[in-house]
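Novice: Below is a structure I'd like to ask you about.
Spelled out as structure tokens, the structure:
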């Protein structure tokens with residue numbers, strides 16, 4: 001039982017102190033995993049870091065899942081991943097309850113109205129970057145085909161987005 005507590009602390013503390021996300025918390029995770037608990041050597045940690053960077057998604061959660069699994073199996077992986085996201089989760093719950101408490105305040109409504117266009121703009125920029133990267137990597141014909149096929153599947157035939165994503169991944173794996 002103590003190993004789960006150690007895994008939790010090894011990833012929770014960097015999650016609290018690692019302002020700036022995964023890359024900022026990597027040295028803190030290294031300190032916990034290598035120097036404090038001795039679960040990995042420096043070279044092993046660098047290999048886990050390289051493996052984590054090669055996979056998509058947040059680096060901190062991938063490292064926590066891998067190291068937790070190596071130390072205590074599936075439950076250890078779950079504890080490690082939970083400990084990594086727990087600081088953000090706790091903060092979000094606290095802020096949401098505070099926001100909910102003042103939901104009728106004109107200042108909160110004004111703030112929400114300012115945030116929505118910003119999020120929409122950020123999503124638009126991200127979509128444009130995805131489009132530009134797809135265009136450069138796959139060419140005009142493939143990109144246009146995937147855009148039209150995705151649009152028709154999502155909007156006209158109301159196919160669930162998960163199926164469209166899997167279909168696009170399969171298409172890319174086979175033909176690209």
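Residue numbers (UniProt numbering): 1 to 176.
The beta-carbon is built from N, C-alpha and C at its ideal position, and this holds for glycine as well.
(1) Does DSSP put residue 102 in a helix, a strand or coil?
(2) Which word fits residue 137, buried or exposed, when buried means at least 16 other C-beta atoms lie within 10 angstroms of its C-beta?
(3) Given 8 Å as the limit, is there contact between the stretch 101-117 and the stretch 82-93, that is, 3 or more CB pairs closer than that?
(4) Return the CA-CA distance between residue 66 and residue 75, expressed in angstroms with no decimal places.
(5) With 16 as the cutoff for other CB atoms within 10 Å, does residue 140 come out buried or exposed?
(6) For the pair the stretch 55-70 and the stretch 22-29, tell me if three or more CB-CB distances fall below 8 Å.
(7) Identify, in the order they occur along the chain, each residue of the same chain with its Cβ nearer than 8 Å to the Cβ of residue 128, setting aside the five sequence neighbours on each side.
(8) Could you give the distance in angstroms between the alpha-carbon of residue 135 and the alpha-carbon of residue 142?
Specialist: On the basis of the data shown:
(1) Residue 102 sits at position 102 when you count from the first residue of the chain shown. In the displayed model, residue 102 falls within coil according to three-state DSSP, outside both helix and strand.
(2) The residue you call residue 137 lines up with position 137 of the chain shown. Per the 10 Å Cβ criterion, exposed.
(3) Not touching, per the Cβ criterion.
(4) As a working note, residue 66 is residue 66 in the chain shown. As a working note, residue 75 is residue 75 in the chain shown. Roughly 11 Å between the two C-alpha positions.
(5) For the purposes of this step, residue 140 is taken as the residue at position 140 of the chain shown. Of the other Cβ atoms in all chains shown, fewer than 16 fall within 10 Å of the Cβ of residue 140; this residue is therefore exposed.
(6) Between the stretch 55-70 and the stretch 22-29 there are three or more C-beta pairs closer than 8 Å, enough to call the two in contact.
(7) Within the chain shown, residue 128 is the residue found at index 128, counting from 1. So no residue of the chain qualifies.
(8) What you label residue 135 is simply residue 135 of the chain shown in a count that begins at 1. What you label residue 142 is simply residue 142 of the chain shown in a count that begins at 1. Cα to Cα, the separation comes out at about 8 Å.
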